[in-house]
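My numbering numbers the first residue of the sequence shown as 533 and each following residue consecutively. We put the beta carbon where it would ideally sit given N, CA and C, even for glycine. A quick note: this is a predicted structure, and the numbers were derived from the prediction, not measured.
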Amino acid sequence: SMKSTACYWLQQCKTPLQSTKVLSGHVKVDVVVIGAGIFGTSTALRLAEEGVSVVLVEANKVGQGVSGYSTCKVTSLHRLSYADIAQKHGCEAAKTFGHINEAAIHDIDQNVSRLNIDCDYS
């Protein structure tokens, strides 16, 4: 089972993850983001930076679900091919998918640089 193996990315982490608060009682926010993997934490960060009140909730440990057991490659080339998207949904859909993936790569690049994240990103 994949879950029985320790997460490679956390084994490589130079700084231990800080403990998080347990959500208790009632909290009033604009948005609740469920899941503290790459997508959830990126979404919560973006919303908070735009002035939206947000709470990020995770059932287990931050970054140790799907994101923690992924290859964590940053690329716009995925198993889902652009040719398949174009065939099923048209060329514009394939272009849009490509643009969205390229924008995500740009966001990661900007966040690593802007937030001075100590990682082997290049």
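Exercise. Which value, in whole angstroms, describes the spacing of the CA atoms of Y653 and C545?
Worked result: So the alpha carbons of these two residues sit roughly 13 Å apart.
Problem set entry | Inter-residue spacing [alpha-carbon to alpha-carbon] between I617 and F629 | So the alpha carbons of these two residues sit roughly 8 Å apart.
Exercise. Under the three-state reduction of DSSP, which class applies to I649: helix, strand or coil?
Worked result: DSSP places I649 in coil when its eight states are reduced to three.
Exercise. Quick one: Cα of S551 to Cα of A568, how far?
Worked result: In a straight line, the C-alpha of S551 is about 13 Å away from that of A568.
Exercise. Would you report the Cα separation of I640 and K627, rounded to the nearest angstrom?
Worked result: Separation of I640 and K627 (C-alpha to C-alpha, rounded to the nearest whole angstrom) is 20 Å.
Exercise. Apart from the five residues on each side of it in sequence, which residues of its chain come closer than 7 Å, Cβ to Cβ, to V561?
Worked result: Closer than 7 Å at the Cβ level, and outside the excluded window around V561, lie S585, V586, V587.
Exercise. What is the residue span of the alpha helix (DSSP H) that L509 lies within?
Worked result: Outside the displayed range of the chain (533 to 654) lies residue 509, so it cannot be described from this structure.
Problem set entry | Residue environment, A625, which counts as buried when at least 16 other CB atoms sit within 10 Å | Around the CB of A625, fewer than 16 other CB atoms lie within 10 Å, so the residue is classed as exposed.
For this session: Give the C-beta separation of V564 and V598 to the nearest angstrom, bearing in mind that I take them to be a contact with Cβ-Cβ under 8 Å.
Result: Not a contact, Cβ separation roughly 19 Å.
Problem set entry | One or two residues paired with V565 in a DSSP bridge | Bridge pairing for V565: L588 [DSSP].
Exercise. Closest to L542 by CA distance: which of N643, C604, L647 is it?
Worked result: Checked all of N643, C604, L647; the closest Cα to L542 is C604.
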